[in-house]
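Numbering of the sequence shown is given in this note's numbering, commencing with residue 1 and proceeding in unit increments. To start, the structure itself, in structure tokens.
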Amino acid sequence: MPDLLRSVHAPIQERTPMQFFIFIRCKPGKTTQVGLSMVRKRLKEVQEIHSISGDWDLMVRALVSPRGVEADFESNVMESLLADQWDNVDRTQTIIGYRVFNPEDSFVE
Numbered sequence: 001m002p003d004l005l006r007s008v009h010a011p012i013q014e015r016t017p018m019q020f021f022i023f024i025r026c027k028p029g030k031t032t033q034v035g036l037s038m039v040r041k042r043l044k045e046v047q048e049i050h051s052i053s054g055d056w057d058l059m060v061r062a063l064v065s066p067r068g069v070e071a072d073f074e075s076n077v078m079e080s081l082l083a084d085q086w087d088n089v090d091r092t093q094t095i096i097g098y099r100v101f102n103p104e105d106s107f108v109e
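As structure tokens, then:
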């Protein structure tokens, strides 16, 4: 089957972008620098960048194509996002979001 037809007939979950939440702990005094650097890159996958409280300094929400998502995410998004800032980053943690529970969904009562 041609790729175009395959993508049209693929189940919805296969075509839906995967959502990633990237938590970033910055070195002291570097949160603003890291955050602004990420914003300036204007990566199409990055939906939001938040400064947050708690154990982490920044949270990034990214949407990535489901095909080859691990390769896309690790080699393209993470490396591009933090390329010039790794020296200012202490640690990262990435969480994959599977389902959004929306109050407007029909199954929520």
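All C-beta atoms in this analysis are idealised placements derived from N, C-alpha and C, irrespective of residue type, glycine included.
Sequence-distant residues of the same chain with beta carbon closer than 8 Å to residue i, five excluded per side
i: residue 46; result: 38, 60, 61, 62, 77 and 81
Residue i classed as buried or exposed, judged by whether at least 16 other C-beta atoms fall within 10 angstroms
i: residue 95; result: exposed
i: residue 57; result: buried
i: residue 4; result: Because the pLDDT of residue 4 is 47, which lies under 50, any placement of that residue in the model is unreliable, and the number read from its coordinates should be weighed accordingly. Its Cβ having fewer than 16 others within 10 Å, residue 4 is exposed.
i: residue 35; result: buried
i: residue 101; result: exposed
i: residue 22; result: buried
Cβ-Cβ distance between residue i and residue j below 9 Å
i: residue 92; j: residue 40; result: no
Nonlocal neighbours in the same chain, by C-beta distance under 6 Å from residue i, ignoring five residues either side
i: residue 48; result: 61
i: residue 1; result: Reliability fails at residue 1, whose pLDDT of 45 lies under 50, so the model's placement of it is uncertain and no value is given.
i: residue 85; result: 34 and 37
i: residue 52; result: 59
i: residue 27; result: 88 and 90
Test: residue i CB closer than 9 Å to a CB of chain D
i: residue 98; result: Reference to chain D is not applicable here, since this structure consists of a single protein chain.
Nearest residue (CA-CA) to residue i, options the options
i: residue 31; options: 44, 43, 21 and 87; result: 87
i: residue 90; options: 55, 43, 42 and 50; result: 55
Quiz item: Enumerated in chain order, which unbroken segments of the beta strand (DSSP E) with a length of 3 residues or greater are wholly contained in the stretch 41–66?
Solution: Here the runs fully enclosed are 46–51 and 58–64.
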